[in-house]
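Just below is one structure, and these are the notes that go with it.
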Amino acid sequence: MIATSKIQAGGARAKARCDELGTVPYSDQADGLFRPYLGPAHKATLGRLAQWMDEAGMSVETDAVGNIIGHYAGTTPDAPVLLLGSHVDSVRDGGRYDGMLGVMLGIEAVAHFSRSGQRFPFALEVIGFGDEEGSRFSTYMMGSRSAAGLAQTIDEGVTDREGITLRQALADWGLSSIRFRTAKRENVLAYIEAHIEQAPHLERAGLPVGLVRGIASQYRYRVTIKGQAAHAGTAMHERRDALAAAAEAITAIESIGAAGPDDLVTTVGFLTVENGAPNVVPGHVVMTVDIRAVTPGLREEAARQVLETLEAISRRRGVALECEQVQDLQGALCNETLNATLREAIIEATGHVPPVLLSQAGHDAMIMAHLAPMTMLFIRCEGGISHNPAEAVESDDVEAAHRTLVSFIKRVGEER
Ligand SMILES: [Zn+2]
Numbered sequence: 001m002i003a004t005s006k007i008q009a010g011g012a013r014a015k016a017r018c019d020e021l022g023t024v025p026y027s028d029q030a031d032g033l034f035r036p037y038l039g040p041a042h043k044a045t046l047g048r049l050a051q052w053m054d055e056a057g058m059s060v061e062t063d064a065v066g067n068i069i070g071h072y073a074g075t076t077p078d079a080p081v082l083l084l085g086s087h088v089d090s091v092r093d094g095g096r097y098d099g100m101l102g103v104m105l106g107i108e109a110v111a112h113f114s115r116s117g118q119r120f121p122f123a124l125e126v127i128g129f130g131d132e133e134g135s136r137f138s139t140y141m142m143g144s145r146s147a148a149g150l151a152q153t154i155d156e157g158v159t160d161r162e163g164i165t166l167r168q169a170l171a172d173w174g175l176s177s178i179r180f181r182t183a184k185r186e187n188v189l190a191y192i193e194a195h196i197e198q199a200p201h202l203e204r205a206g207l208p209v210g211l212v213r214g215i216a217s218q219y220r221y222r223v224t225i226k227g228q229a230a231h232a233g234t235a236m237h238e239r240r241d242a243l244a245a246a247a248e249a250i251t252a253i254e255s256i257g258a259a260g261p262d263d264l265v266t267t268v269g270f271l272t273v274e275n276g277a278p279n280v281v282p283g284h285v286v287m288t289v290d291i292r293a294v295t296p297g298l299r300e301e302a303a304r305q306v307l308e309t310l311e312a313i314s315r316r317r318g319v320a321l322e323c324e325q326v327q328d329l330q331g332a333l334c335n336e337t338l339n340a341t342l343r344e345a346i347i348e349a350t351g352h353v354p355p356v357l358l359s360q361a362g363h364d365a366m367i368m369a370h371l372a373p374m375t376m377l378f379i380r381c382e383g384g385i386s387h388n389p390a391e392a393v394e395s396d397d398v399e400a401a402h403r404t405l406v407s408f409i410k411r412v413g414e415e416r
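Below is the structure:
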């Protein structure tokens, strides 16, 4: 009788490995997954990843900010690099596939070629970014910012919940913030990131994978409305009600988003009524406004409309208005040439013409776009749910993503 060893297909193994990394010691939370930047779970995870990268035929290094990089050489020593990756950190009580699945698929793609010793006129590198979610410090995408060579400054006041500074956390890993710039990846040909969709479009279309047109730009504002706190017995025409002004603003902001193209979204997600009480006309409200769009210029136009509307409401109601911009995250469009290649790869791997999707969520790819042409491959996830332990993907879909990446790499090789 012939002995059969258990050989898992690349996609199934990628998924199984994400599952393995979903528990202690790869999680800092006993029940569920929490893998914050530079924590013990992050360290344990890098150890396991290094092992898998090594088995897949890669040399492994960790850079100055704690990103892990596996390198599979090209046909010449000075060949440019095709970079595949995503992030290894998670939010608190997060899902197992957001980020990590892209790293695993990168490793599987390299393992596929290294089994037969196939090399390309470019090196393949798999990168696992340490900080994308910003779930430990109030930073985000620090891994990809460093890898893309964008300027980094460390705010001395940045600490985690326990009061440990970012500088100290880096020092505890033997890393130095001064060397951030040395984390920049050189000679990068292109960057591709496979990621769960985080929206239900693929599920609705009944398809395993899709193309991404671009990642939305984001603005976030903190809006303070000050009226006058007064007794609830105050006559209606004598009031300067900050909450009623906010309520009018919220529906107006919703209407601006709804009236725009599909890729424009506007949200008031957080609202505080200072010193609110049942018998008090609210005098002071703070709320957030989040505006996102993929099409260049659309976010800016929507923001102009939102600010004008806020001013008009506050003038008419006699309340004071302060708008502070607290975030300006530049989105990115995926590279059209890479997308044409990826489209062909998806057709070969799945037999379907892929839908073209938008990403309203931010990804490392939007940062890497500063360094090199980039694209993204989205994988169907159940209900479009992420940042949640219920996050789920099908093995067959991950297999389709694996076949797509293998085909994509071959095609990029043929085009060069
Ligand atoms: Zn992610």
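Residue numbers (the UniProt record's numbering): 1 to 416.
Don't be surprised by glycine CBs; every beta carbon is placed ideally from N, CA and C.
It should be emphasised that the depicted structure is a prediction, and the values quoted were computed from it without experimental measurement.
Identified DSSP bridge partners for Met376: Glu193
Other residues of its chain near Thr4: CB distance less than 8 Å, five sequence neighbours each side excluded: Low per-residue confidence applies at Thr4: pLDDT is 39, beneath 50, and the placement is therefore not dependable, though the value from the model is reported in the following sentence. So no residue of the chain qualifies.
Alpha-carbon to alpha-carbon, Ala400 and Thr224: 48 Å
One or two residues paired with Ala230 in a DSSP bridge: Val281
Rounded straight-line distance, which links the Cα of Val285 to that of Thr272: 6 Å
Ligand 1 heavy atom lying under 8 Å from the CB of Gly99: yes
Range covered by the beta strand (DSSP E) that runs through Ile68: 68-72
Segment contact flag, the segment 367-384 with the segment 183-199, C-beta cutoff 8 Å, min 3 pairs: yes
Run of the alpha helix (DSSP H) containing Asp397, from where it starts to where it stops: 395-415
Which listed residue (Val209, Ala183, Gly130) has its alpha carbon closest to that of Ala147: Ala183
Best match in Leu38, Asp78, Thr76 for proximity to Thr62 [C-alpha to C-alpha]: Leu38
Residues near Ala205 by beta carbon distance below 8 Å, same chain, minus five either side: Pro355
Ile367 burial status per 10 Å Cβ neighbour count (16 or more: buried): buried
Where Val103 falls: helix, strand or coil (DSSP): helix
Pick from Val110, Val91, Thr295 that is closest to Ser386, judged by C-alpha positions: Val91
Cutoff 6 Å; reference Arg17; Cβ partners in own chain excluding five residues on either side: Met104
C-beta atoms of Lys226 and Gly283 nearer than 9 Å: yes
Runs of beta strand (DSSP E) lying entirely within the segment 113-175, each at least 3 residues, in chain order: 123-129
Proximity below 9 Å, CB of Phe180 to CB of Val65: yes
Opening and closing residue of the beta strand (DSSP E) in which Arg213 lies: 209-215
Ligand 1 heavy atom lying under 8 Å from the CB of Ser86: yes
Any non-hydrogen atom of ligand 1 within 8 Å of Glu162 CB: no
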